[in-house]
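Residue numbers (this note's numbering): 62 to 261.
And the structure:
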């Protein structure tokens, strides 16, 4: 089935994470989307019961579209560390606990990698655009990099302070937001989404 085009108007960002909503709103700025967050609309956060980033993104997008009667864009993203068999992966947010303590989550990754020589990791992002009638299109982006310790930088959010992208020297939390937007996993997925559903 061909991707469905978004024709402008209100678009729900199916997230309660202000950092994520801000990033997506910035990326969507040029496309005539009147962005509103799920939190602003008082929509509940659905239980993420999927076994993959795609399943969780589609679950969140469809729930928000049904509840709001508007098109909804959901993101499911996380950090996959090679030495940990791809963990924390879809459980990236859960590793931070109910208090969203990413300092503790980063420390756990550092502890579990231990002496492993393999520091490679990737950020993965799936963006799903769903409509109230259940139609949904999904796009997956990735950025490869490595884990560093100790955490560096005060920009970004989540695991950004311990991730250095391939070819770079600074962590995602040290570089300018515009530079991160140009190369991030979310930007990769977003380029695919825009080409399929927004551009032209």
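Every residue, glycine too, gets a C-beta built ideally from N, C-alpha and C.
Because the structure is a prediction, the values reported are computed rather than measured.
Residue 81: member of the alpha helix (DSSP H) spanning 79 to 89, first to last residue. Positions of the alpha helix (DSSP H) runs, each at least 4 residues long and wholly inside the region 139 to 204, are given as 153 to 156, 163 to 174 in order along the chain.
In this structure, residue 255 keeps its C-beta atom at 8 Å or more from the C-beta atom of residue 199.
Residue 71 has 95 as its beta-bridge partners, per DSSP. When the five nearest sequence neighbours on each side are left out, the beta carbons in the same chain lying within less than 6 Å of the beta carbon of residue 248 are those of 242, in order along the chain. Our two residues, residue 189 and residue 131, have alpha carbons roughly 14 Å apart in a direct line. Residue 98 and residue 169 have their alpha carbons spaced roughly 30 Å apart. Burial check for residue 123: the Cβ neighbour count within 10 Å reaches 16 or more, so the residue is buried. Taking a cut-off of 8 Å on C-beta distances, the region 161 to 175 touches the region 207 to 219, as three or more cross pairs fall below it. Unbroken alpha helix (DSSP H) stretches of 4 residues or longer found wholly inside the region 207 to 248: 238 to 244, given in chain order.
Residue 134 is bridged by DSSP to 74, 190. Taking a contact to require three or more Cβ pairs closer than 8 Å, the region 82 to 99 and the region 154 to 161 do not qualify as touching.
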